[in-house]
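The block underneath contains the structure these notes are about, expressed in C-alpha cells.
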Amino acid sequence: MNNFEYVNATSLKEAAAALASSWTDAVVLAGGTDLLGLMKDYVMSPKRLVNIKNIKELGGITKSGAGLRIGATVTFDELANSALVRQGYPSLYAAVMGVTSPQIRNMGTVGGDLCQRPRCWYFRLGHGVLGEKDGKSLVADGENKYHAIFPEGRAHFVSASSLGPALVALGARVKLVSAAGSRELEAAKFFVAPQSNEAREIALLPNEILTEVVLPAAGKNATYEVRQKDALDWPLVTASVNLTMKGTAVTAANIVLGHVGPTPRHAAGAEQALIGKAVTADLAMAVGEAAVKGAKALSQNAYKIQLARVAVKRALLEAVGVKA
Ligand SMILES: Cc1cc2nc3c(=O)[nH]c(=O)nc-3n(C[C@H](O)[C@H](O)[C@H](O)COP(=O)(O)OP(=O)(O)OC[C@H]3O[C@@H](n4cnc5c(N)ncnc54)[C@H](O)[C@@H]3O)c2cc1C
203 MNNFEYVNAT SLKEAAAALA SSWTDAVVLA GGTDLLGLMK DYVMSPKRLV
253 NIKNIKELGG ITKSGAGLRI GATVTFDELA NSALVRQGYP SLYAAVMGVT
303 SPQIRNMGTV GGDLCQRPRC WYFRLGHGVL GEKDGKSLVA DGENKYHAIF
353 PEGRAHFVSA SSLGPALVAL GARVKLVSAA GSRELEAAKF FVAPQSNEAR
403 EIALLPNEIL TEVVLPAAGK NATYEVRQKD ALDWPLVTAS VNLTMKGTAV
453 TAANIVLGHV GPTPRHAAGA EQALIGKAVT ADLAMAVGEA AVKGAKALSQ
503 NAYKIQLARV AVKRALLEAV GVKA
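This is the structure:
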C-alpha cells in the first residue's frame, strides 16, 4: 500500500473541503472494508483518505414524511436492527440480511455499499472496470461465470451492491454533497455503466460525499437473492420488487434485477405484464420469463438466466404473500 494522508473529519464541511477533483488525490473512507483491500492491492492509490465515520449528521435512520431517511454511515447491522426498515421495507431488510459476515455487517456502511467497486476479478487484477487488455475484453474469452448476462456496451462486470437493487425498486433517492453545494439523484441514476477505464460505475464525482438515502413510502415489497453459500460472498442474482396494489390487483410495479449487469436493471417489459392483474404463481412465472428477455449469456454464465427467472417469480410471490 502506498503512503497516504489521513483526514479525520468531524463535520461535513471539513470532509467536503478535504476532497479534491480527482480520485487519485483524495477519496472518502467509511468502514474501509472495500477501499483498504483495493489500496493494499494497488488498484486504488489515493494520496489522501477522508474519514467520514465521525461525522454525526451522516448517521441515523429516521422517519422522513411518509418515508425514511438513512444516513450514509449507517452500518448493515444498524439497518438490520431497525424496526422501521424491517417493517416498512422488507425488501431492503432481506438485502441487508443477505450480508452475513459479522465483520462486514459491523463495519460496512450504506454509502460504502453503494459506492463499492466491482468484484470483477479482472478489475481487481488491475485491468480496469472494463476488464480489457490491449483493447480486448478479458471477460469474453476468460473466466466469466459471475459476470453480466445483461452487459451494457463494453461493461461486463456486475454491480456489486446488495442494497442497490432494493433501493432502486423502492424508488429511493441519494443526496450528494460537495464544497460547492448539493444535489439529489434517483438511486436508479446513481449507477452507470462506464465505457472507459477512466470512468466510474457510479454518478458520484470525486469531490462529492453521498450523505443520505431517502426512501418514499413503499408498496408491497420483497427481495429474493440467490447465493452460492450463506457467508462471505455476493449474490449470484437478486430480484427486488415493489408493487402498488388496489385490492388484489397490481396498479404499478417495479421489478429490478441485481448482479446481472453493470447497473441494477429494471425489467420494464416484465413490469407491464403485471398491471391490472392479481399475482398468481402462473403469472409470476410468466413475469420471470419476461424479465430475462434479451439476456445474453457468456461462455460460463447461462445458469444465471434461470436464476433470474426464478428470483423474479419468488420475489413477486413473497411480496404478495402467496406460497410458491
Ligand atoms: C468478504 C466480503 C463479503 C461481502 N459481501 C457483500 C455482499 O454480499 N453484498 C454487498 O453488497 N457487499 C458485500 N461486501 C462488500 C461490502 O458491503 C462493502 O465492502 C461495504 O459495504 C463497503 O462499505 P464501507 O463503509 O466499508 O466502505 P469503504 O470500503 O470505506 O468504501 C468503499 C468505497 O466507497 C467510497 N465511499 C464510502 N462511503 C462513501 C460516501 N458516503 N460517499 C462517497 N463515497 C463513499 C469509498 O471512497 C470507496 O471507494 C462484502 C465484502 C467482503 C470483504
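Residue numbers for the sequence shown follow the numbering used here, beginning at 203 and rising by one.
We treat Cβ as the ideally placed atom computed from N, Cα and C, and that holds for glycine.
Does the beta-carbon of residue i, which I'm using as the reference point, lie nearer than 7 Å to any heavy atom of ligand 1?
i, result
"M309", "yes"
"L323", "In the sequence as presented, Leu is not what sits at residue 323; that position holds Trp. The answer is no for W323."
"G471", "no"
"P320", "no"
"G232", "First, the amino acid is wrong: residue 232 is Ala here, not Gly. Yes."
"S247", "no"
"T482", "no"
"L406", "yes"
"G314", "yes"
For residue i, I'd like the list of residues in its chain whose CB is within less than 6 Å of its CB, leaving aside the five on either flank, ordered along the chain.
i, result
"V494", "I507, A510 and R511"
"L445", "G421, K422, V452, A455 and A521"
"M487", "K515"
"L251", "F206, Y208 and L231"
Using the Cβ count rule (16 or more neighbours within 10 Å means buried), how would you classify residue i?
i, result
"E388", "exposed"
"R385", "exposed"
"T226", "exposed"
"M203", "exposed"
"P304", "exposed"
"T450", "exposed"
"K448", "exposed"
Leaving aside the five residues before and after residue i along the sequence, list all residues of the same chain whose C-beta is less than 7 Å from its C-beta, in chain order.
i, result
"R516", "Y426 and A526"
"N308", "T277 and D279"
"G261", "G273, T275 and V276"
"G330", "N399"
"E259", "L214"
"V394", "E403, I404, A405 and T465"
"G328", "V245"
Looking only at its chain, what residues have a beta carbon closer than 8 Å to the beta carbon of residue i, apart from the 5 residues adjacent to it on each side?
i, result
"K498", "I351, F352 and P353"
"A382", "N409"
"L519", "V481, A483, A486, K525 and A526"
For ligand 3, is there a heavy atom less than 7 Å away from the beta-carbon of residue i?
i, result
"L412", "Ligand 3 is not among the ligands present in this structure, which contains only ligand 1."
- Counting pairs of beta carbons, one from the stretch 410-423 and one from the stretch 369-382, are three or more of them closer than 8 Å? At 8 Å Cβ cutoff, the stretches touch.
- On the three-pair Cβ rule with 8 Å, is the stretch 329-340 touching the stretch 433-447? Per the Cβ contact rule, the stretch 329-340 is not in contact with the stretch 433-447 (fewer than 3 Cβ pairs under 8 Å).
- Specify whether the stretch 471-479 and the stretch 299-315 touch according to this definition: at least 3 beta carbon pairs, one from each stretch, less than 8 Å apart. Touching, no, given that fewer than three Cβ pairs across the two stretches are closer than 8 Å.
- Query: Considering only residues of the stretch 401-477, which uninterrupted beta strand (DSSP E) runs meet the minimum length of 3 residues and lie entirely inside it, listed in chain order?
  - Reply: As far as the stretch 401-477 is concerned, its whole beta strand (DSSP E) runs of at least 3 residues are 411-417, 422-428, 439-448 and 451-460.
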